[in-house]
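Enquirer: I have a structure here, written as structure tokens, and I will follow up with some questions on it.
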Amino acid sequence: MTTKELINAISQKSGMKKIRTEELMSATVAILQKELLDGKSVQMPSFGTLEMKLRSAREVMHPTTKERTVVPEKMQLSFKASALIKEQLKNKQ
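Shown next as structure tokens:
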């Protein structure tokens, strides 16, 4: 789903004008980014939790040259689905 499709779907479901929905979407994304970059997690009921986690440094090997290099530690976005979503995905199979 593209951003435009998401905005259209939210607009139809909520009855809000598309321009207002787009403004709301932009504000939501800005708040999510700020919270995550400040090291806080974002919990969305019935959906899941977004948080930044530190991925430790690790050694990797190039598959062709067999050369080993170290990938430095970095922050990575993590999503943990809620129990409700997990159950719905499980039942879909």
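Residue numbers (this note's numbering): 1095 to 1187. From the three backbone atoms N, C-alpha and C, an ideal C-beta is built for every residue, glycine too. Here the structure is a predicted model, which means the values were calculated and not measured.
1. Taking the runs of the alpha helix (DSSP H) that are 4 residues or longer, which of them lie wholly in the segment 1109-1186?
2. Tell me the DSSP secondary structure of threonine 1096 in three-state form.
3. Would you kindly work out how many angstroms separate the C-alpha atoms of threonine 1115 and proline 1166, rounded to a whole number?
4. Should isoleucine 1101 go down as buried or exposed, given a rule of 16 or more other Cβ atoms within 10 Å for buried?
5. Whose C-alpha, out of Met1110, Pro1139, Lys1098, is nearest the C-alpha of lysine 1174?
6. Which whole-angstrom value is the C-beta distance of glutamate 1145 and serine 1172, which I expect to be below 8 Å?
7. For lysine 1112, collect the residues of the same chain with a Cβ closer than 8 Å to its Cβ; drop the 5 residues on either side in sequence, then sort them by chain order.
Expert: Reading from the atomic positions:
1. 1112-1131, 1177-1186
2. On the sequence shown, position 2 is the one that residue 1096 refers to. In the structure shown, threonine 1096 sits in coil (DSSP, three-state: anything other than H, G, I, E or B).
3. If you number the sequence shown from 1, residue 1115 lands on position 21. If you number the sequence shown from 1, residue 1166 lands on position 72. Near 40 Å, if we compare the C-alpha coordinates of proline 1166 and threonine 1115.
4. Walking along the sequence shown from the start, residue 1101 turns up at place 7. It is buried - the Cβ of isoleucine 1101 has at least 16 other Cβ atoms within 10 Å.
5. Start at 1 with the first residue of the sequence shown, and residue 1174 comes out as number 80. With distances taken between Cα atoms, lysine 1174 lies closest to Pro1139.
6. Sequence index remark: in the sequence shown, residue 1145 carries index 51 (1-based). Sequence index remark: in the sequence shown, residue 1172 carries index 78 (1-based). Rounded, the Cβ-Cβ distance is 5 Å, consistent with contact.
7. For the purposes of this step, residue 1112 is taken as the residue at position 18 of the sequence shown. Answer for lysine 1112: Ile1101, Asn1102, Ser1105, listed in chain order.
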